[in-house]
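A.B. asks:
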Amino acid sequence: GFNHSSDGSGSASSSGGENTYTGDGSLTPDELWTFRCNLLMDFISLKDMDPHLMLVVFLPPLLFESACFGIDLGVFRKQLPQILIMAFPAMIVSSLITAVLFWALASHWNFWVCWLIGVIVSATDPVAVVALLKDLGAPKTLGTLIEGESLLNDGSAVVLFTWVRNVIGYDHGTSPPAG
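Count along the sequence shown from 1, add 150, and you get the number used in the numbering used here.
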């Protein structure tokens, strides 16, 4: 085992005296599961992380990669009218159609709740489709159209979701619909 000093120096030695912790941040493989570096507890503590932090940390690099490396800006500018039509009005129509289908299945729910579900379900992520198009040698304009629509579609879905949620009056303390 480890003998830990209580003088605050941060040094610890094993029973043989050869593994000494000096506070420099380096650990041997045997030390990974000691109380000083418990990886399991670190992973469990991730459940307490603020979800907004995850959004701020992971979303910008993903959007930056798609917007800067995945799209030819010249083709994107030429196709911007089609992309905007697919990203905004088509997103609203798609979410409304999905909401009507949910409302038909769960008629005891409020239509606004069904529309909120429709907004969540209607936002698409065409990563596999774009990769398949590249493998098949499809025109770059088609891949740019789909990827550009996806990039703007995610933003329109967030705005529409927030608007519908606010119309419903949901906040963090509101319970989901019964039934």
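Beta carbons are placed, not taken as given, at the ideal position from N, Cα and C, and that holds for glycine.
Owing to the predicted nature of the structure, the values given are computational and were not obtained by experimental measurement.
In this structure, does DSSP put residue 153 in helix, strand or coil?
C.D. replies: In this prediction, residue 153 scores a pLDDT of 42, lower than 50, which makes its location untrustworthy; the coordinate-derived value is nonetheless stated afterwards. Three-state DSSP puts residue 153 in a strand.
A.B. asks: Rounded to the nearest angstrom, what separates residue 249 and residue 311 at their Cα positions?
C.D. replies: Their Cα atoms are separated by approximately 13 Å.
A.B. asks: Note down, in chain order, each residue of its chain lying with its Cβ closer than 8 Å to the Cβ of residue 292, except the 5 sequence neighbours on either side.
C.D. replies: Answer for residue 292: 283, listed in chain order.
A.B. asks: Could you say which of 285, 259, 308 and 255 lies nearest to residue 242 if we only look at CA atoms?
C.D. replies: Residue 242 has its Cα closest to that of 308, out of 285, 259, 308 and 255.
A.B. asks: Should residue 274 and residue 221 be called a contact, given that it needs their Cβ atoms to be closer than 7 Å?
C.D. replies: Cβ distance not < 7 Å, so residue 274 and residue 221 don't count as in contact.
A.B. asks: Is residue 298 helix, strand or coil by DSSP?
C.D. replies: Of the three classes helix, strand and coil, the one that applies to residue 298 here is helix, per DSSP.
A.B. asks: What do you get for residue 223, buried or exposed, if any count of 16 or more other CB atoms within 10 angstroms of its CB means buried?
C.D. replies: Label assigned to residue 223: exposed.
A.B. asks: Curious, which full-length alpha helix (DSSP H) runs of at least 4 residues does the stretch 242-324 contain?
C.D. replies: For the stretch 242-324, whole alpha helix (DSSP H) runs of length 4 or above, ordered along the chain, are 261-272, 277-286 and 290-318.
A.B. asks: Could you give the DSSP three-state label for residue 204: helix, strand or coil?
C.D. replies: Residue state, collapsed to three classes: helix.
A.B. asks: Considering only the beta carbon of each residue, do residue 270 and residue 252 sit closer than 7 Å?
C.D. replies: No, Cβ-Cβ distance for residue 270 and residue 252 is not below 7 Å.
A.B. asks: Buried or exposed for residue 298, please, with buried defined as at least 16 other CB atoms from any protein chain shown within 10 angstroms of its CB.
C.D. replies: That one is buried.
A.B. asks: Flag this pair as yes or no: are the beta carbons of residue 247 and residue 276 separated by less than 7 Å?
C.D. replies: No, they are not a contact pair.
A.B. asks: What does a CB cutoff of less than 6 Å around residue 245 pick up in its chain, not counting 5 residues either side in sequence?
C.D. replies: The residues are 268, 269 and 272.
A.B. asks: Can you tell me whether residue 161 is helix, strand or coil according to DSSP?
C.D. replies: Because residue 161 sits at a pLDDT of 44, beneath the cut-off of 50, its placement in the model cannot be relied upon, and the point is left open.
A.B. asks: My output table needs one value for residue 236: the three-state DSSP class, helix, strand or coil.
C.D. replies: In the structure shown, residue 236 sits in a helix (DSSP, three-state: H, G or I).
A.B. asks: Beta carbon of residue 300, beta carbon of residue 238: below 7 Å?
C.D. replies: Not closer than 7 Å, so no.
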